[in-house]
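S.K.: Have a look at this one before I ask anything.
Here it is, written out as structure tokens:
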């Protein structure tokens, strides 16, 4: 291969960005992508095998790949020097760097038809990876250092090759080829551009200098027309193409003769071919942008890129030799503007819905108003401003129609509306990555101005909040990515699922570094027996749900198609690496937000056409590091004053790109008329990390379980959800599975076993009332966050230092307005009143012992119930004392490293702390901790209830006093025969270990007792 020439990316970057962005937008119909990702259109294994898999061959052919013009294309790829590999992230070559193209390795493509290579995308592995590309027509290999290479405009004919090579760095994988199908105007007899339209055989003088052909199919499925004008003589259509009857006495273009073409739309000329009659034939070509006439000495002129606006001309002349005929002309047609949307409207609503506002004037132009309606056969319709309020009759499903008439200023037109009343709703889940609670321009608590960003701009997320409900206390299930994604899909806590860190981390026991030995997490991938939301929806008989997942998966386990998502509607087992498009911050597909959304929009289009309900999860890679953004989003912050909390322009631009694509989904749902049959759920997987954004007024960051690590932007929009409403209840990502199930079926029957989340249907309904009701969420489990690992802290003796990632082993329970944190390293229990202080500043564990004790027992009992993995004391720990950070050294062996006579594992399981000793009696039931350990009883709850004293404060009154745990609830009962008992009081203990109640005695023989409810 010749020495590569450095491709001038820097000089061309603005143009390339524009070109690539155009390729990514759905309006460019004739551009398409060969996508080698798992289960995509050009996947070498055609989605049959998850993960990387050696195909064991150097050659692979894919046939019948659909193209935008309704035809197909085939390609063959050959690897050098190793075997091809189809991994989750595209084509690799089995080389020295393991399933990727190492420097010196390459893949070569041939295609079944002419294509124009616009660019390609790579999956890179470090910041120094370079690639080269070369076609048969290119004299030298062109080198690029980018993961997204665009603006190439390289024509590749059948039989010619495209070679992409790895030249330096840690290796690459080829993700996709961006192609355009050019249009070939073929003037041969009976071909598409034959001047006689195939009606006459043999040479035939048309007897005219001008000829027009219309309706020629272009590469994007549209049509193109051209006009040819000859000079100085008349055109002739011969068996071998266009000729001009001139001085040579034959049907060919003699010296000085020419043909000039013009087109009915903008085109780009790529080349032409000739029929020659001698070896010295020359032609010239010219256009308004050619810089004058250009001489060609070959019969095949290729590699041109001449843009022509409508009405501009391209001229071919014969200048030397024995004459020529024009055989073919290759061009691409600039996309036509989209067809006007038909004023007739199509909508979906849900069965038994009421007053769905249909925006029927949305596509009728400006200044139009509603005048009148006809009534539908299966519902009622009424005018409400610019909307029509539609209500189907009870239990009706199927289509219904009515017409509306607009005012006379627009012609007084009458349009038909078709309404499809559906039995089952659609669901769209938009999952952001690492977005903090204050990471948008939405006030997450509309009563608190500090709960929005002072710099980032997210108008589309603002629109989502205005159209739906926000949750000031919306929580991710975990302060880290993979665990939250697992919990979202299954409705279970990570303590139960035992995936308490991301895939590939904390898989081994961690000892010899910190105060605690932390367990290796038991689960490193989503497990097949765990039923996911799409699997659950697909179990509904007769519903016909489909499911798609685009974007970041990060759960391993064979990828989305192994867990309920359709095999042809997912991006495979992706992780963080697939979210970065190269190493440069400016990128036309920043964090793949645009391409992920493109696939989501295409899926929405296909689902509406199919008529079946769907579950779509759009899991964005943004706003996870590294920062990437489009130039347009970066430019949007020119002149915008940075905030005191948020001031990183690049991060703000990345956030804007995410918001743009949220808006694209919202708009498409409206365009398709399915807004009123679709629930949209928006949430992030965890809070923002310290080195990316600021979570003030919350405490902490990803991956800590303080509020800054787990409280995240949370919104829902859909049927029955009041616009611009706010729900004050704490909700978690584990709640969405049962919520979706109840929305889909109208019942909670049939949920999988051991679902911890609770349905939000009643809570959302009551919060949507004109006078909102704050109804708590009923959960069979609890809102538990469990992370028994160290993530980020330095090892002893520097374990006292704060680090950007500073997660230490902790668990938390959130109930009502309170949050209890078990800090295993310090052995402390911390209680915070989040309803009045979201910043977790004031520890109320001593002043509100009743609340602390009850949450302590609930957290302990839940972790025991699910057999959660717990840390234990490290007997090698040497102790640290730095200011407020004081951790005593170990003094005993493994199992009792603090020498307190209590087994350390028992202490963490039963007490959630190691700070008590064997002589203590925490529940004050007269049984020491050591005795509780020996006899297997509960050290936090008294083993039995006993009335410890009776007194008579006044005649006819009896005061009962009994042992209790702080905050515990009891029922006082009375009886006259010791058989039938009647509840007479519900008593809650205070902050002490006893409770009391005074009864009024009536009968001569009356008995009283105290029970736990």
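Residue numbers (the numbering used here): 1 to 1013. Glycine included, each C-beta is placed from N, C-alpha and C at the ideal position.
#1: For residue 237, is the beta carbon positioned less than 6 Å from some heavy atom of the ligand PLP?
#2: Work out the CA separation of residue 76 and residue 165 for me, nearest whole Å.
#3: Who are the Cβ neighbours of residue 532 in its own chain at under 7 Å, not counting the five residues just before and after it?
#4: Buried or exposed: where does residue 715 fall if 16 or more other Cβ atoms within 10 Å of its Cβ makes it buried?
#5: At what residues does the alpha helix (DSSP H) containing residue 604 begin and finish?
#6: If we count the other Cβ atoms within 10 Å of its Cβ and call it buried at 16 or more, is residue 729 buried or exposed?
#7: Does the segment 499-506 come into contact with the segment 554-563, if we say contact requires no fewer than three beta-carbon pairs (one atom in each stretch) closer than 8 Å?
#8: Could you tell me whether the segment 287-300 touches the segment 139-150, where touching means 3 or more Cβ pairs closer than 8 Å?
#9: What are the start and end residues of each continuous beta strand (DSSP E) run of 3 or more residues lying completely inside the segment 708-750, in chain order?
#10: Does the Cβ-Cβ distance between residue 742 and residue 725 come in under 7 Å?
#11: For the beta strand (DSSP E) holding residue 841, just list the boundary residues, first then last.
#12: Whole angstroms is fine: what's the gap from residue 978's alpha carbon to residue 997's?
#13: CA-CA distance, residue 132 and residue 461?
#14: Grab the span of the alpha helix (DSSP H) containing residue 393 for me, first residue to last.
#15: Using alpha carbons as the reference points, say which of 483, 314 and 922 lies closest to residue 686.
#16: Residues in the same chain with beta-carbon distance under 7 Å from residue 806, minus the five sequence neighbours each way, listed in chain order, please.
#17: Can you list, in chain order, the residues of its chain with a C-beta nearer than 7 Å to that of residue 943? Leave out the 5 residues immediately preceding and following it.
#18: May I have a chain-ordered list of the beta strand (DSSP E) segments no shorter than 3 residues that lie completely inside the segment 397-446?
#19: For residue 377, which of helix, strand or coil comes out of DSSP?
#20: Taking DSSP as the reference, what is the three-state secondary structure of residue 236?
#21: Using C-beta distances below 7 Å, list every residue in its chain close to residue 498, excluding the 5 sequence neighbours before and after it, in chain order.
#22: In terms of alpha-carbon separation, which member of 399, 229 and 382 lies closest to residue 317?
#23: Quick check: the Cα distance between residue 867 and residue 601, rounded to an integer number of angstroms?
#24: Excluding the five sequence neighbours on either side, which residues of its own chain have a C-beta within less than 6 Å of the C-beta of residue 633, listed in chain order?
#25: So, at 8 Å on beta carbons, what are the nonlocal neighbours of residue 465 in its own chain, with the 5 sequence-adjacent residues on each side left out?
#26: Please confirm if the segment 418-428 is in contact with the segment 614-623, defined as three or more CB-CB distances below 8 Å between the two stretches.
#27: Exposed or buried, what is residue 1017 when buried is set at 16 or more other beta-carbons lying within 10 Å of its beta-carbon?
#28: Considering only residues of the same chain and omitting the five flanking positions on each side of residue 561, which have a CB-CB separation below 6 Å?
#29: Compare the C-alpha of residue 539 against each of 184, 940, 750 and 775 and name the closest.
#30: Could you name the residues of the same chain whose beta carbon sits closer than 7 Å to that of residue 82, not counting the 5 residues immediately before and after it, in chain order?
#31: Beta-carbon within less than 8 Å of residue 908's beta-carbon, same chain only, minus the 5 sequence neighbours each way: which residues are those?
#32: From the DSSP output, in three-state form, read off residue 552 for me.
#33: I want to know whether the segment 942-959 touches the segment 887-907 - three or more CB-CB distances under 8 Å.
#34: Go ahead and pull the three-state DSSP assignment for residue 905.
#35: Does the Cβ of residue 1014 have 16 or more other Cβ atoms within 10 Å, making it buried, or fewer, making it exposed?
#36: Using a Cβ distance threshold of 8 Å, determine whether the segment 367-379 contacts the segment 443-451, with at least three qualifying pairs required.
M.R.: Judging by the given coordinates:
#1: As presented, the structure is devoid of all ligands, the ligand PLP included, so that no description of it is given.
#2: To locate residue 165, count along the chain shown from 1; it is residue 165. To locate residue 76, count along the chain shown from 1; it is residue 76. Their Cα atoms are separated by approximately 16 Å.
#3: Within the chain shown, numbered from 1, the residue matching residue 532 stands at position 532. The residues are 489, 490, 563 and 564.
#4: Against the chain shown, residue 715 aligns to sequence position 715. Classification for residue 715: buried.
#5: Along the chain shown, read from residue 1 onward, the residue named residue 604 stands at position 604. Start and end: 593-610.
#6: Along the chain shown, read from residue 1 onward, the residue named residue 729 stands at position 729. When all chains shown are included, residue 729 counts as buried.
#7: yes
#8: Short answer: they don't touch.
#9: Fully contained in the segment 708-750 are the following beta strand (DSSP E) runs of length 3 or more, in chain order: 714-717.
#10: In the chain shown, residue 742 corresponds to position 742, counting from 1. In the chain shown, residue 725 corresponds to position 725, counting from 1. No.
#11: In the chain shown, the residue the question calls residue 841 occupies position 841. First-last for residue 841: undefined, no H or E at that position.
#12: Working through the chain shown from its first residue, we reach residue 978 at position 978. Working through the chain shown from its first residue, we reach residue 997 at position 997. Approximately 20 Å between the Cα atoms of the pair.
#13: On the chain shown, residue 132 is found 132 positions in, with the first residue counted as 1. On the chain shown, residue 461 is found 461 positions in, with the first residue counted as 1. Using only the alpha carbons, I get a separation of about 40 Å.
#14: Taking the first residue of the chain shown as 1, we reach residue 393 at position 393. Here residue 393 belongs to no alpha helix (DSSP H), and DSSP marks it neither H nor E.
#15: Sequence index remark: in the chain shown, residue 686 carries index 686 (1-based). Answer by Cα proximity: 483.
#16: The residue you call residue 806 lines up with position 806 of the chain shown. If we look at residue 806 and ignore the five residues flanking it on each side, its Cβ neighbours are 704, 792 and 793.
#17: Numbered from its first residue, the chain shown carries residue 943 at position 943. The residues are 925, 927 and 937.
#18: 398-406, 414-422 and 426-432
#19: Translated into positions along the chain shown, residue 377 becomes position 377. If DSSP states are grouped into helix, strand and coil, residue 377 belongs with coil.
#20: Counting from 1 along the chain shown, the entry for residue 236 is found at position 236. Three-state result, residue 236: strand.
#21: Within the chain shown, residue 498 is the residue found at index 498, counting from 1. Correct list, in chain order: 521, 522, 523 and 869.
#22: Here residue 317 is taken as the residue at index 317 of the chain shown, counted from 1. For the residues 399, 229 and 382, the minimum Cα distance to residue 317 belongs to 229.
#23: Residue numbering aside, residue 867 sits at position 867 when the chain shown is read from its first letter. Residue numbering aside, residue 601 sits at position 601 when the chain shown is read from its first letter. Distance between the alpha carbons of residue 867 and residue 601: 42 Å.
#24: For this step, residue 633 is matched to residue 633 along the chain shown. The residues are 653, 656 and 657.
#25: Start at 1 with the first residue of the chain shown, and residue 465 comes out as number 465. Same-chain partners within the cutoff: 442, 715 and 724.
#26: These segments touch.
#27: Any property of residue 1017 remains undetermined from this structure, which presents the chain solely from 1 to 1013.
#28: Within the chain shown, residue 561 is the residue found at index 561, counting from 1. The residues are 567 and 570.
#29: Walking along the chain shown from the start, residue 539 turns up at place 539. Ranking the options by Cα distance to residue 539, first place goes to 750.
#30: Walking along the chain shown from the start, residue 82 turns up at place 82. Taken in chain order, the residues that qualify are 93, 94, 95 and 105.
#31: The residue labelled residue 908 in the question sits at position 908 within the chain shown. Within the same chain, residue 908 has close Cβ partners 824, 870, 871, 872 and 914.
#32: Reading the chain shown from its first residue, position 552 is the one you call residue 552. Coil.
#33: no
#34: Translated into positions along the chain shown, residue 905 becomes position 905. Looking at residue 905 - three-state DSSP - the assignment turns out to be helix.
#35: Any question about residue 1014 goes unanswered here, given that the chain covers just 1 to 1013.
#36: no
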